[in-house]
Amino acid sequence: METLKTMSVFLMLLIALSLSIGGLWHQLQGGRMFYILIGLLYGLSLNFYFKKQEKALYTNSTILLGVIVWAGYQHGINFL
Numbered sequence: 001m002e003t004l005k006t007m008s009v010f011l012m013l014l015i016a017l018s019l020s021i022g023g024l025w026h027q028l029q030g031g032r033m034f035y036i037l038i039g040l041l042y043g044l045s046l047n048f049y050f051k052k053q054e055k056a057l058y059t060n061s062t063i064l065l066g067v068i069v070w071a072g073y074q075h076g077i078n079f080l
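Note that full-length UniProt numbering has the sequence shown beginning at 1, numbered continuously upward.
Right, here's the structure in full:
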């Protein structure tokens with residue numbers, strides 16, 4: 001079970017770093033700070049998960065809701 005937790009933390013760390021670094025590159029190219037913010041929030045969620053706190057669930061839920069709202073804002077909600 002400890003191996004599964006270690007693999008999960010490593011995968012979450014890779015996702016958080018790739019979002020943050022990719023978001024920084026995107027920001028330097030004139031884009032928005034959305035991906036940097038999502039990467040930092042995912043890193044915060046990783047911290048909560050590592051400490052076995054329930055806040056990790058709420059942080060991930062906030063990230064998901066934020067991504068859905070952002071997609072609706074960027075591309076409109078008429079996607080069907």
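Ideal Cβ positions, reconstructed from N, Cα and C, are used throughout, including at glycine.
I15 is a Cβ neighbour of Y42, given a cutoff of 8 Å.
Within a 10 Å sphere around the beta-carbon of S20 sit 16 or more other beta-carbons, which makes this residue buried. For the segment 6-52, the continuous alpha helix (DSSP H) assignments of 4+ residues that do not extend past its boundaries occur at 34-50, in sequence order.
I63: member of the alpha helix (DSSP H) spanning K55 to H75, first to last residue. Judged by beta-carbon spacing, Q27 lies beyond the 8 Å limit of I38, meaning their Cβ atoms are not closer than that value. Straight-line measurement puts the Cα of G30 at about 32 Å from the Cα of F48.
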